[in-house]
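**Q** To start, I am sharing the structure in question, which I have written as structure tokens.
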Amino acid sequence: MSAGTLTLTNNSAAVAGSGTAFTTEVAAGDFIVVTVGGIPYTLPVKSVESGTGLTLVSNFTGPTQSGAAWSAVPRVALNMVTAALVTQSAEALRGLNYDKQNWQQVFSGTGNITVKLPDGSSYTGPSWKYLSDNMATKSDGAVPVDQGGTGSTTASGARSNLDLGDSATRNVGTTVGTVAGGDDSRLNTINGKTGGQINSGVNLAWGTDGVFSHSLGFDVIPGQEAARLRGSRADFTDGTNRVILNLDSVGNRRTVFYANGGILCQPGIYGGPQMYSTFLNFVGGPVDLWVDNSRMGALQLTTTSDIHLKKEIKYLSDKNVMGELSAATTALNEVMEWKPATFRFKKRGIIPESETKLGFIANDLVVTSPECVKGKGLEDGYDENDTTDAYSLDETAMIAKLTLSIQALQKQITELQNSSV
């Protein structure tokens, strides 16, 4: 919309503006567009007298209106619209003329005709009259294959010209030398088939035992050992009856499920799956958990501490380990070197940067208390997705160090108390 509003008077060519800038927005020959009483008017400008006054080419025929919003339309813009309309009309008329010429050729042409399209392209083919005339002369002869016939007046010749094999003369049946029908028993089994591609789903029917479905077997040693895939169903503790996909064995060897792309699970029965693959890897020590290409860390299992599972037990609180220093005093000296810190874990792979945490830096403790640190430690340029060698803290060892430190401090407190008595 242009700035300001207009006042139009019925049967008058004068237009008054309020807040308008006629001298900069319109010129003689331009147009103004205004809607009065729900009807749009496109009015040509004869002259511009001032920023708030102009004269139309002809008197305004609509009802008197004040405060009307308006839009300026330059003469060149309206000329472009008119030119485009003329061009499109010419194209449409040319297409109609082509249609008339094309249909005239289709019905009356004596040979091949050229059909022209409005975009200038064309294609060539036989006219209907040409096809009709040629078919009329073939009633007692052979219509060539390239004209829609068989090229022969005999059945055997037609089959030969159309490249039909000997199955065209065979009957449907279930014996050798016949064509298989839809009810042929040979189609009811894949037994003896040598392979191929199945292009639709395959369902294994429920077995006669009512517990397992029929199975899909993968032979390792034919007739002796195989992996077997089959479905079953069972009642779960939550009261639901669910289908189970079973992978078991035929023979003595146990079947192992191997998924080189990982396992995709959803959170709970009704949760939507998150598109990440998970992997568990064990090569001795803790079990590593991976998500896609990122190592998330090691699984923390419940620590067993039963005396029957241990040997070479040495209680350290009263043992000398460093010259004249007891284990408790040595632990206290080490703990005094520990440096608690706040930090954030860096973003790596799919793992986002963590919030600020309070704890220890394992690289510091490995110097003062190596028994409290596990792992080899990462080197510069390490793969951020593979942190297998990263240092980790042994919390049980740290608790033992702290316990020894408390015992050492308590011993000092007791000695001080006794000396002051």
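Per this note's numbering, the sequence shown runs over residues 765 to 1185. For every residue, glycine included, the Cβ atom is placed at its ideal position computed from N, Cα and C.
#1: Going by C-alpha to C-alpha distance, which of Ser835, Pro827 and Ser822 sits closest to Gly781?
#2: Give the DSSP-derived three-state secondary structure of Val779 in the structure shown.
#3: On a CA-only basis, which of Gly889, Ala1126 and Ala767 is nearest Asn876? Give me that one, please.
#4: Do Ala833 and Val812 come within 8 Å of each other at the CB atom, strictly closer than that value?
#5: In whole angstroms, what separates the C-alpha of Gln1181 from that of Ile1170?
#6: For Asn1149, which three-state DSSP category applies?
#7: Using three-state DSSP, classify Ser996 as helix, strand or coil.
#8: Looking at C-alpha atoms only, which residue of Arg839, Val800, Ala1105 and Asn1024 is the closest neighbour of Thr825?
#9: Answer with buried or exposed for Val1054, where buried requires no fewer than 16 other C-beta atoms within 10 angstroms of its C-beta.
#10: In whole angstroms, what is the alpha-carbon distance linking Pro986 and Val975?
#11: Starting from the C-beta of Leu1122, find all residues in its chain whose C-beta is less than 6 Å away, skip the five residues before and the five after it, and write them out in chain order.
#12: Residues in the same chain with beta-carbon distance under 7 Å from Ala856, minus the five sequence neighbours each way, listed in chain order, please.
#13: In the DSSP assignment, the alpha helix (DSSP H) including Gln829 goes from what residue to what residue?
#14: One question on the structure: do Arg994 and Asn1010 come within less than 8 Å of each other, judged by their Cβ atoms?
#15: Roughly how many angstroms lie between the CA atoms of Phe1043 and Arg1112, to the nearest whole one?
#16: How would you call Leu895, buried or exposed, if buried means at least 16 neighbouring beta carbons within 10 angstroms?
#17: Where does Gln1174 sit, in a helix, a strand or coil, going by DSSP?
#18: Considering only residues of the same chain and omitting the five flanking positions on each side of Thr773, which have a CB-CB separation below 6 Å?
#19: Please name the residue in Val943, Pro882, Lys810 and Val797 whose C-alpha comes closest to that of Leu842.
#20: In the DSSP assignment, what are the bridge partners of Arg1006?
#21: Could you give the residue range of the beta strand (DSSP E) that holds Leu1044?
#22: In whole angstroms, what separates the C-alpha of Leu1129 from that of Pro1104?
#23: In this structure, does DSSP put Phe871 in helix, strand or coil?
#24: Quick check on Lys1165: buried or exposed, where buried means 16 or more other Cβ atoms within 10 Å of its Cβ?
#25: In terms of residue numbering, what span does the beta strand (DSSP E) encompassing Asn876 cover?
**A** Walking through what the data contain:
#1: Position 17 of the sequence shown, counted from the first residue, corresponds to residue 781. Selected option, being the one with the closest Cα: Ser835.
#2: Taking the sequence shown and counting its residues from 1, one reaches residue 779 at position 15. DSSP places Val779 in strand when its eight states are reduced to three.
#3: Translated into positions along the sequence shown, residue 876 becomes position 112. Asn876 has its Cα closest to that of Gly889, out of Gly889, Ala1126 and Ala767.
#4: For the purposes of this step, residue 812 is taken as the residue at position 48 of the sequence shown. For the purposes of this step, residue 833 is taken as the residue at position 69 of the sequence shown. Not closer than 8 Å, so no.
#5: Here the question's residue 1181 lines up with position 417 in the sequence shown. Here the question's residue 1170 lines up with position 406 in the sequence shown. Using only the alpha carbons, I get a separation of about 16 Å.
#6: By one-based count along the sequence shown, residue 1149 stands at place 385. In the three-state reduction of the DSSP assignment, Asn1149 falls in the coil class.
#7: One-based indexing of the sequence shown puts residue 996 at position 232. In the structure shown, Ser996 sits in a strand (DSSP, three-state: E or B).
#8: Indexing the sequence shown from 1 puts residue 825 at position 61. Considering only alpha carbons, the answer is Val800.
#9: Taking the first residue of the sequence shown as 1, we reach residue 1054 at position 290. Sequence check: residue 1054 is Trp here, not Val. Classification for Trp1054: buried.
#10: Residue numbering aside, residue 986 sits at position 222 when the sequence shown is read from its first letter. Residue numbering aside, residue 975 sits at position 211 when the sequence shown is read from its first letter. Roughly 25 Å separates the two Cα atoms.
#11: As a first step, residue 1122 must be located in the sequence shown, where it is residue number 358. Around Leu1122: Thr1106.
#12: For the purposes of this step, residue 856 is taken as the residue at position 92 of the sequence shown. Excluding residues within five positions, none has a Cβ falling inside 7 Å.
#13: Along the sequence shown, one-based indexing puts residue 829 at 65. Run containing Gln829: none in the alpha helix (DSSP H); it sits in the beta strand (DSSP E), Gln829 to Ala832.
#14: Along the sequence shown, read from residue 1 onward, the residue named residue 994 stands at position 230. Along the sequence shown, read from residue 1 onward, the residue named residue 1010 stands at position 246. Contact: yes.
#15: Start at 1 with the first residue of the sequence shown, and residue 1043 comes out as number 279. Start at 1 with the first residue of the sequence shown, and residue 1112 comes out as number 348. Cα to Cα, the separation comes out at about 17 Å.
#16: The residue you call residue 895 lines up with position 131 of the sequence shown. Answer is exposed; the Cβ neighbour count stays below 16.
#17: Your numbering for residue 1174 matches position 410 in the sequence shown. Reduced to three states, the DSSP call for Gln1174 is helix.
#18: Within the sequence shown, numbered from 1, the residue matching residue 773 stands at position 9. Cβ neighbours of Thr773 beyond the five flanking positions: Thr828.
#19: Position 78 of the sequence shown, counting from 1, holds the residue named residue 842. Ranking Val943, Pro882, Lys810 and Val797 by Cα distance to Leu842 puts Val797 first.
#20: Residue 1006 sits at position 242 when you count from the first residue of the sequence shown. Looking at the DSSP assignment, Arg1006 forms a beta bridge with Ala998.
#21: Taking the sequence shown and counting its residues from 1, the one referred to as residue 1044 is at position 280. Residues Thr1042 to Asn1045.
#22: Here residue 1129 corresponds to residue number 365 of the sequence shown, with the count starting at 1. Here residue 1104 corresponds to residue number 340 of the sequence shown, with the count starting at 1. Spanning the two alpha carbons is a distance of roughly 10 Å.
#23: Translated into the one-based positions of the sequence shown, residue 871 becomes position 107. Three-state result, Phe871: helix.
#24: Walking along the sequence shown from the start, residue 1165 turns up at place 401. It is buried - the Cβ of Lys1165 has at least 16 other Cβ atoms within 10 Å.
#25: For the purposes of this step, residue 876 is identified with residue 112 of the sequence shown, where counting begins at 1. Asn876 to Lys880 is the extent of the beta strand (DSSP E) around Asn876.
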